[in-house]
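Contents: one structure, followed by commentary.
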Amino acid sequence: MRFPLSLTRSMTGYLIRQRLAGRKRFPLVLMLEPLHACNLRCTGCGRVREYADCVHQRLSVDECLDALDECGAPIVSICGGEPLIYPEIGPLVDAILAQRKHIYLCTNGLALREQLVRFRPSSRFAINVHLDGMEATHDAIVQREGVFAEAVQGIQAAKRAGFLVYTNTTVYRRTDLDEVAVLFEYLSQLGVDGFMLSPAFGYEVFGSRAASDAERIFLTRDEIHAKFRLARRRLARYRLCSSPVYMDLLCGERELPCAAWANPTYNVRGWKGPCYLVTDAHYATYRELLDATDWDAIGPGRDARCEHCLVHCGFEPAAVLAAPRRGADLLRMAFWQLG
Ligand code: SF4
Numbered sequence: 365m366r367f368p369l370s371l372t373r374s375m376t377g378y379l380i381r382q383r384l385a386g387r388k389r390f391p392l393v394l395m396l397e398p399l400h401a402c403n404l405r406c407t408g409c410g411r412v413r414e415y416a417d418c419v420h421q422r423l424s425v426d427e428c429l430d431a432l433d434e435c436g437a438p439i440v441s442i443c444g445g446e447p448l449i450y451p452e453i454g455p456l457v458d459a460i461l462a463q464r465k466h467i468y469l470c471t472n473g474l475a476l477r478e479q480l481v482r483f484r485p486s487s488r489f490a491i492n493v494h495l496d497g498m499e500a501t502h503d504a505i506v507q508r509e510g511v512f513a514e515a516v517q518g519i520q521a522a523k524r525a526g527f528l529v530y531t532n533t534t535v536y537r538r539t540d541l542d543e544v545a546v547l548f549e550y551l552s553q554l555g556v557d558g559f560m561l562s563p564a565f566g567y568e569v570f571g572s573r574a575a576s577d578a579e580r581i582f583l584t585r586d587e588i589h590a591k592f593r594l595a596r597r598r599l600a601r602y603r604l605c606s607s608p609v610y611m612d613l614l615c616g617e618r619e620l621p622c623a624a625w626a627n628p629t630y631n632v633r634g635w636k637g638p639c640y641l642v643t644d645a646h647y648a649t650y651r652e653l654l655d656a657t658d659w660d661a662i663g664p665g666r667d668a669r670c671e672h673c674l675v676h677c678g679f680e681p682a683a684v685l686a687a688p689r690r691g692a693d694l695l696r697m698a699f700w701q702l703g
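Take any residue in the sequence shown, note its place counting from 1, add 364, and you have its number in the numbering used here.
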């Protein structure tokens with residue numbers, strides 16, 4: 365199984381309940397950012413720039429749980445910033461698991477070995493380590509030597525202790541998919557449970573300095589399609605965690621509207637709208653985010669900032685929500701999950 369059975373069961377039950385309640389928009393994954401501070405400063409990351417003036421602020425555990433209570437999403441992706449330097453990460457994870465939610469803890473892996481004692485293995489708790497290539501490539505992207513080696517040691521320690529471990533690889537313009545295949549082969553031997561791939565595209569928060577960076581490292585929409593068509597062939601033998609319908613979107617074989625409302629982001633400023641990447645405003649409640657955003661005005665072809673976007677937070681939920689509408693997609697998703 366690609367994901368634990370408990371996750372499929374919770375998500376299926378949740379989707380049925382939302383449909384029966386007649387809800388048009390509802391959350392699938394809460395992107396929870398308890399802090400924006402990080403122990404790295406990576407090339408592609410906009411968070412430390414966008415939130416420079418509040419980078420030392422943190423949400424309390426109660427604020428995190430209130431946000432989860434309000435939106436009710438069955439999955440929480442704890443990100444940031446680097447969540448392993450959040451002092452209350454252990455109690456936060458325990459409290460979310462006590463609500464029988466599923467957690468993806470997204471980390472750069474630098475503090476993983478040291479912080480592992482704060483968690484207990486569970487089918488509801490997955491550690492998701494960011495790795496963009498083999499040692500030289502990854503360390504260059506995160507701009508510090510030794511990060512790859514430390515993250516790998518963290519992965520090994522986590523697997524030895526019985527944790528579910530996934531990795532997330534961002535695909536940039538220069539990403540060599542043969543190297544990604546080498547990486548996935550290596551990580552498979554370490555027992556990693558699955559691999560996420562995310563396309564990097566340039567969005568506007570970086571300002572002028574990053575505009576030139578964007579030209580060098582981020583992908584246009586056509587480049588995303590070309591890279592992911594190649595990735596689908598080249599990486600087919602590894603346990604990819606991007607759903608088949610989302611891969612169709614990445615490969616340019618079909619289109620779906622962005623569903624950023626399904627993966628809302630909550631951080632020290634509130635509910636970030638319209639999405640994890642683009643910021644127009646922060647709202648006090650998820651309800652306000654839903655009501656105040658003109659969802660028909662965002663997405664490729666509608667908002668210039670979204671032109672090259674196919675990122676996970678907007679389009680994986682679109683794929684998940686679209687699958688039940690076609691029998692063939694539903695079957696593909698079911699076989700993929702069993703694979
Ligand atoms: S397409 Fe959706 S996820 Fe992408 S930048 Fe626009 S609003 Fe955000």
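A virtual CB, placed ideally from N, CA and C, is assigned to each residue, including glycine. Just so it is clear, the structure is predicted and the values come from calculations on it, not from any experiment.
Proximity test, Cβ basis, 9 Å: residue i and chain C
i, result
"glutamate 427", "Absent from the structure: chain C. Only one protein chain is present."
Outcome for residue i when other beta-carbon atoms lying within 10 angstroms are tallied against a minimum of 16
i, result
"leucine 416", "Checking the displayed sequence, the identity of residue 416 turns out to be alanine instead of leucine. The residue in question, alanine 416, is exposed, as its Cβ has fewer than 16 Cβ neighbours within 10 Å."
"valine 481", "exposed"
"alanine 574", "Low per-residue confidence applies at alanine 574: pLDDT is 48, beneath 50, and the placement is therefore not dependable, though the value from the model is reported in the following sentence. Counting Cβ neighbours within 10 Å, alanine 574 comes out buried, since at least 16 surround it."
"methionine 611", "buried"
"glycine 571", "Note that glycine 571 scores a pLDDT of 43, beneath 50, so its modelled location is shaky; the value from the coordinates is reported in the next line. Exposed."
"isoleucine 380", "exposed"
"arginine 510", "In the sequence as displayed, the identity of residue 510 is glycine instead of arginine. Its Cβ having fewer than 16 others within 10 Å, glycine 510 is exposed."
"phenylalanine 699", "exposed"
"threonine 376", "exposed"
"glycine 703", "exposed"
"valine 544", "buried"
"glutamate 617", "exposed"
Beta-carbon proximity of residue i to residue j, cut-off 9 Å
i, j, result
"isoleucine 662", "alanine 624", "yes"
"valine 419", "valine 425", "no"
"valine 675", "serine 562", "yes"
"valine 773", "alanine 626", "Only positions 365 to 703 of the chain appear in this structure, which leaves residue 773 out of reach."
"leucine 541", "alanine 500", "no"
"glycine 444", "cysteine 402", "yes"
"cysteine 677", "valine 393", "yes"
"proline 688", "leucine 695", "no"
"proline 368", "serine 487", "yes"
"glycine 526", "arginine 477", "no"
"cysteine 615", "arginine 598", "no"
"valine 632", "aspartate 667", "no"
Contact belief for residue i with residue j at Cβ below 8 Å, rounded distance in angstroms
i, j, result
"valine 556", "valine 529", "5 Å"
"phenylalanine 565", "leucine 604", "That belief does not hold up - the Cβ atoms of phenylalanine 565 and leucine 604 are roughly 19 Å apart, past 8 Å."
"leucine 429", "alanine 459", "6 Å"
"isoleucine 467", "leucine 461", "7 Å"
"isoleucine 442", "leucine 396", "5 Å"
"glycine 473", "valine 493", "4 Å"
Run of the beta strand (DSSP E) containing residue i, from where it starts to where it stops
i, result
"tyrosine 415", "Counting along the chain, tyrosine 415 falls outside any beta strand (DSSP E), and DSSP gives it neither H nor E."
"proline 638", "634 to 638"
"aspartate 644", "643 to 647"
"glycine 377", "Segment 369 to 384 is the alpha helix (DSSP H) holding glycine 377; no beta strand (DSSP E) there."
"methionine 560", "558 to 563"
"phenylalanine 489", "489 to 494"
"isoleucine 588", "Looking at the DSSP string, isoleucine 588 is not in any beta strand (DSSP E); the run it does join, the alpha helix (DSSP H), is 585 to 598."
"tyrosine 630", "629 to 631"
Sequence-distant residues of its chain with Cβ nearer than 7 Å to residue i (five each side left out)
i, result
"leucine 654", "Arg389, Trp625"
"alanine 709", "The first residue shown for the chain is 365 and the last is 703, placing residue 709 beyond what the model contains."
Terminal residues of the alpha helix (DSSP H) in which residue i lies
i, result
"isoleucine 460", "453 to 462"
"serine 552", "541 to 553"
"leucine 474", "Here leucine 474 belongs to no alpha helix (DSSP H), and DSSP marks it neither H nor E."
"methionine 697", "691 to 702"
"threonine 501", "499 to 506"
"valine 481", "Counting along the chain, valine 481 falls outside any alpha helix (DSSP H), and DSSP gives it neither H nor E."
"isoleucine 519", "511 to 524"
Cut-off 6 Å between Cβ atoms - residues of its own chain near residue i, not counting five sequence neighbours on either side
i, result
"histidine 502", "Leu495, Asp496, Phe512"
"proline 681", "Leu392, Ala623, Ala626, Asn627"
"glutamine 421", "Val632"
Neighbourhood of residue i by C-beta distance below 8 Å, restricted to the same chain and skipping five residues each side
i, result
"leucine 583", "Val535, Tyr536, Arg537, Pro563, Ala564, Phe565, Lys591, His672"
"lysine 523", "Val529, Leu554, Gly555, Val556"
"alanine 656", "Gly637, Ala645, Tyr647"
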